[in-house]
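Residue numbers (my numbering): -3 to 286. All C-beta atoms in this analysis are idealised placements derived from N, C-alpha and C, irrespective of residue type, glycine included. Only one structure is covered here, and it is reproduced in the block below.
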Amino acid sequence: MGTSTESIPPRPPTSLSPSRAADFMRCPLLYRLRVIDRLPEQPTQAATRGTVVHAVLERLFDAPAADRTAERARDLVPGEWQRLLAARPELSVLFDAAEPAALAGWLDSARALVDRWFTLEDPTRLEPAERELYVETVLESGLTLRGYVDRLDVAPATGDLRVVDYKTGKAPRPEYADEPMFQMSFYALVLWRLRGVVPRRLQLVYLGSGDVLTYDPSEADLLRTERKLLALWEAIRAATESGDWRPRRTPLCGWCDHQAFCPEFGGTPPPYPLAVAAGAPSLVGENGPV
């Protein structure tokens, strides 16, 4: 297991990932509670299922192309759950040992997502260049960008890059589609800076609904993404120095573990663990100052 969060003293953020960028855009207070305070969050069956399915789709490519069948992939599900559980024993709270049917149903739901993938892509015709690829680059500004790419395909004839990300939920409604594609543009920017090549295609595979969304970015698109990330980072740095992390109410608040610390729900954030600049304003939400 990794180092316990309790043993790591709070420190200012030093890098940006797609998930944390999305957190800040969604709610600056959420970003603070996750990145600086590192408050624990309860595991969920949905998120854990996503981790297991991702592991299955990664491991399937260890087999020769002809053996990458739906049956083989389904058979991998229980083993990947056990592997994850061994690495993270705290996930045992998700299922009551006295009710094995709940775990069996959950494993079946993971198998169903794996099955759907075979209706969207043919793994016997794919030879990924990379799987679960860690990427990191430092921009000229000094900002470090990092993250994990689910799959990177490289066309043999042209060298074109295709960045693929698996989502185990449903494709978002159009008004919420920008966030996942921004994540993909983030990866494309990092790969461009690392390899000097703009990825030819960004592909989101939604296993929950059976949708595949694609986007072909241009160099101008990635420069816009870079400018947006630099502006985000400046806002994060300013909030880090002032301690002013504004909560923002969104439709996703109902799934947040931190409502007890959010002024939008009558809560109070924990004392800010970093030094605060003199004269910094107090934290204010739509419900007034904390």
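Just reading off the beta strand (DSSP E) that residue i is part of, what are its end residues?
i: Arg7; result: Arg7 -> no beta strand (DSSP E), and no H or E assigned at all.
i: Leu116; result: No beta strand (DSSP E) holds Leu116; the alpha helix (DSSP H) holding it covers 96 to 116.
i: Tyr183; result: Element bounds for Tyr183: not the beta strand (DSSP E) but the alpha helix (DSSP H), 174 to 191.
i: Gln199; result: 197 to 202
i: Asp71; result: Per DSSP, Asp71 belongs to no beta strand (DSSP E); it is in the alpha helix (DSSP H), 66 to 83.
i: Thr210; result: 207 to 211
Leaving out the 5 sequence neighbours to the left and right, which residues in its chain are closer than 6 Å to residue i when beta-carbon positions are compared?
i: Val208; result: Leu116, Val201
i: Glu126; result: Leu148
i: Val194; result: Trp188, Glu215
Where do the N-terminal and C-terminal ends of the alpha helix (DSSP H) with residue i fall, by residue?
i: Leu25; result: 24 to 31
i: Leu53; result: 41 to 56
i: Leu218; result: 215 to 238
Which residues does DSSP pair with residue i in a beta bridge?
i: Leu157; result: Val150
i: Gly143; result: Val131
i: Ser11; result: Thr140
i: Lys166; result: None, per the DSSP bridge assignment.
i: Glu126; result: Leu148
Are residue i and residue j close, meaning C-beta to C-beta below 8 Å?
i: Gly143; j: Val131; result: yes
i: Leu25; j: Cys258; result: yes
i: Ala106; j: Val186; result: no
i: Leu218; j: Ala184; result: yes
i: Leu141; j: Thr133; result: yes
i: Thr221; j: Phe182; result: yes
i: Phe57; j: Arg68; result: no
i: Lys163; j: Leu129; result: no
i: Ala66; j: Asp111; result: yes
i: Pro14; j: Gln179; result: yes
i: Glu86; j: Pro39; result: yes
i: Thr120; j: Ala82; result: no
i: Leu289; j: Ala98; result: For residue 289 there is no data in the structure shown, the boundaries of the chain being -3 and 286.
i: Pro168; j: Pro176; result: yes
i: Pro267; j: Pro6; result: no
i: Arg196; j: Thr210; result: no
i: Gly263; j: Ala271; result: no
Suppose the cutoff is 7 Å on Cβ atoms and the five residues either side in sequence are ignored; what does the same chain contact list for residue i look like?
i: Leu103; result: Val73, Pro74, Trp77
i: Leu226; result: Ser137, Leu139
i: Asp19; result: Leu26, Tyr27, Arg30
i: Leu90; result: Pro39, Gln41, Thr44
i: Pro124; result: Phe57, Arg147, Leu148, Asp149
i: Ala59; result: Arg68
Assign residue i to buried or exposed, taking buried as 16 or more other Cβ atoms, counted over all protein chains shown, within 10 Å of its Cβ.
i: Gly192; result: exposed
i: Arg16; result: buried
i: Asp212; result: exposed
i: Arg45; result: buried
i: Asp287; result: The displayed coordinates of the chain run from -3 to 286. Any statement about residue 287 would go beyond what the structure contains.
i: Trp113; result: buried
i: Ala274; result: For Ala274, the predicted model reports a pLDDT of 41, less than 50, meaning its position is unreliable; a value from the coordinates is still stated below. So Ala274 ends up on the exposed side.
i: Thr236; result: buried
i: Pro36; result: exposed
i: Pro265; result: buried
i: Leu190; result: exposed
i: Pro243; result: buried
i: Asp161; result: buried
i: Pro8; result: exposed
By Cβ distance, which residues of its chain are closer than 8 Å to residue i, with the 5 residues on each side in sequence left out?
i: Leu228; result: Leu12, Ala17, Phe20, Met21
i: Ala231; result: Phe20, Pro24
i: Gly206; result: Arg112, Thr115, Leu116
i: Arg55; result: Leu72, Glu76
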